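These notes concern the structure reproduced below.
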Amino acid sequence: MKNKVKLIISLSLAIVSLMPIAAQKTSDTDFELITENRELPPFEGINVSGRFKIVLYQHDVQTVSATVPEKFVETVETKVENNILYINMLDLTKEKEGNILENLKIKYNDYLLRQPIEIKIGIPDLKSIYAKGATRIESQGALIINNLTIELSGASKAELNANIANSLNTSLSEATKIDIHGKVENISVKANGASSFNGSKLIAKNAKLDLNGAARAEVHATESFDANLNGATKAVCTGSPKSVKQVVSRGSSMTIK
Numbered sequence: 000m001k002n003k004v005k006l007i008i009s010l011s012l013a014i015v016s017l018m019p020i021a022a023q024k025t026s027d028t029d030f031e032l033i034t035e036n037r038e039l040p041p042f043e044g045i046n047v048s049g050r051f052k053i054v055l056y057q058h059d060v061q062t063v064s065a066t067v068p069e070k071f072v073e074t075v076e077t078k079v080e081n082n083i084l085y086i087n088m089l090d091l092t093k094e095k096e097g098n099i100l101e102n103l104k105i106k107y108n109d110y111l112l113r114q115p116i117e118i119k120i121g122i123p124d125l126k127s128i129y130a131k132g133a134t135r136i137e138s139q140g141a142l143i144i145n146n147l148t149i150e151l152s153g154a155s156k157a158e159l160n161a162n163i164a165n166s167l168n169t170s171l172s173e174a175t176k177i178d179i180h181g182k183v184e185n186i187s188v189k190a191n192g193a194s195s196f197n198g199s200k201l202i203a204k205n206a207k208l209d210l211n212g213a214a215r216a217e218v219h220a221t222e223s224f225d226a227n228l229n230g231a232t233k234a235v236c237t238g239s240p241k242s243v244k245q246v247v248s249r250g251s252s253m254t255i256k
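Residue numbers (numbering that gives the first Met the number 0): 0 to 256.
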């Protein structure tokens, strides 16, 4: 019995002695987040590369803020060229030496896998969105826009609420996805690869689709619908459009209702 008690006490002491080590390892991957406001020249579009969470909202005054681990603030690049806001991650390890920085890079990538860096953008009038990599773009409230162009590649996704006065033009490739609702006059969707466009809650008058590969698209049009489907694509159009033009390959499917 005494031997059992001694064994239990010994195991308990061993576990307690290991606890600080476990806590130390956990703290190595915990980062203190800060929100930094970025003072930038005026812009009308955004171009994002990498893995970010972009939050857009309507605002009379242009604002840009980045929520990022304090240690890595300098690696988040936000610059404006030709009225476009470029958002990117800088690789500062190329300019430095030492195993410590290599370990830091590994931790940083681990952080990004768990929690993408968030950029919040308030803008009076947005005209274009370009994103590649694994960026997620979303809107807070409805965006009021005259014309909008969206181009996504890689595994980027966009979830938007927008009232667009004139036209929405989208170009999707690879495994990208757009989910959008609101109102628009004219919509044009070009999609390739395994991309997906969900505009069933975006009320449009005129819609035009050009789908290839295994792309999917759903739109709502009340006046005209023009579709060209190739490969193994699938399209759905609701709204009972008055005028319909369609070219559909054998492996594709079309539904109009």
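Think of the CB as a built atom: it goes at the ideal place given N, C-alpha and C, for glycine as much as any other residue.
All values derive from a computational prediction rather than experimental measurement.
Burial state of residue i (16 or more Cβ within 10 Å)
i	result
GLU270	Given a span of 0 to 256 for the chain in the structure shown, any question on residue 270 remains unanswerable.
VAL67	buried
GLN189	Before going on, a small fix: residue 189 reads as Lys here, not Gln. Buried, since its Cβ has 16 or more Cβ neighbours within 10 Å.
LEU159	buried
GLY250	exposed
GLY140	exposed
ASN98	Reliability of the predicted coordinates at ASN98 is poor, the pLDDT of 48 falling under 50, and no value is obtained from them.
HIS58	exposed
THR254	exposed
ASN191	buried
SER252	exposed
Straight-line Cα distance separating residue j from residue i
i	j	result
GLY121	HIS180	19 Å
TYR129	LYS182	21 Å
SER170	LYS256	24 Å
SER172	GLU31	36 Å
ASP39	ASN82	Residue 39 is actually Leu in this sequence, not Asp. Distance between the alpha carbons of LEU39 and ASN82 is about 11 Å.
LEU167	GLY238	18 Å
VAL60	PRO123	6 Å
ILE118	ARG135	10 Å
ALA259	ASN185	There is no way to answer for residue 259, as the model of the chain reaches only from 0 to 256.
LYS70	ILE116	13 Å
LYS156	THR34	23 Å
LEU142	VAL79	21 Å
LYS126	THR148	6 Å
SER223	GLY212	24 Å
SER248	LYS233	10 Å
ASP225	LYS204	12 Å
THR175	LYS241	30 Å
LEU100	GLN114	Note that LEU100 scores 47 on pLDDT, short of 50, meaning its location in the model is unreliable and no value can be drawn from it.
ALA161	SER199	13 Å
ILE53	GLY153	16 Å
LYS207	THR62	34 Å
VAL72	ALA133	20 Å
ILE144	VAL75	27 Å
MET88	GLY44	18 Å
Three-state secondary structure (DSSP) of residue i
i	result
THR74	helix
GLU69	helix
LEU39	coil
ALA133	coil
LEU89	coil
VAL293	The structure shown does not extend to residue 293, since the chain is modelled only from 0 to 256, so the question has no answer here.
LEU32	strand
LYS241	coil
GLY49	strand
LEU142	strand
LEU84	strand
SER248	coil
Cβ-Cβ separation, residue j to residue i (assumed contact under 8 Å), whole Å
i	j	result
LEU151	ILE177	7 Å
TYR85	ASN146	Contact doesn't hold; Cβ gap of about 21 Å is too wide.
Chain D within 8 Å of residue i, Cβ atoms only
i	result
ASN46	Given the protein chain composition of this structure (a single chain), no chain D is represented.
Completely contained beta strand (DSSP E) runs for the segment 148-233, where each covers 3 or more residues:
The segment 148-233 contains these whole beta strand (DSSP E) runs: 156-163, 166-171, 176-190, 195-210, 215-228.
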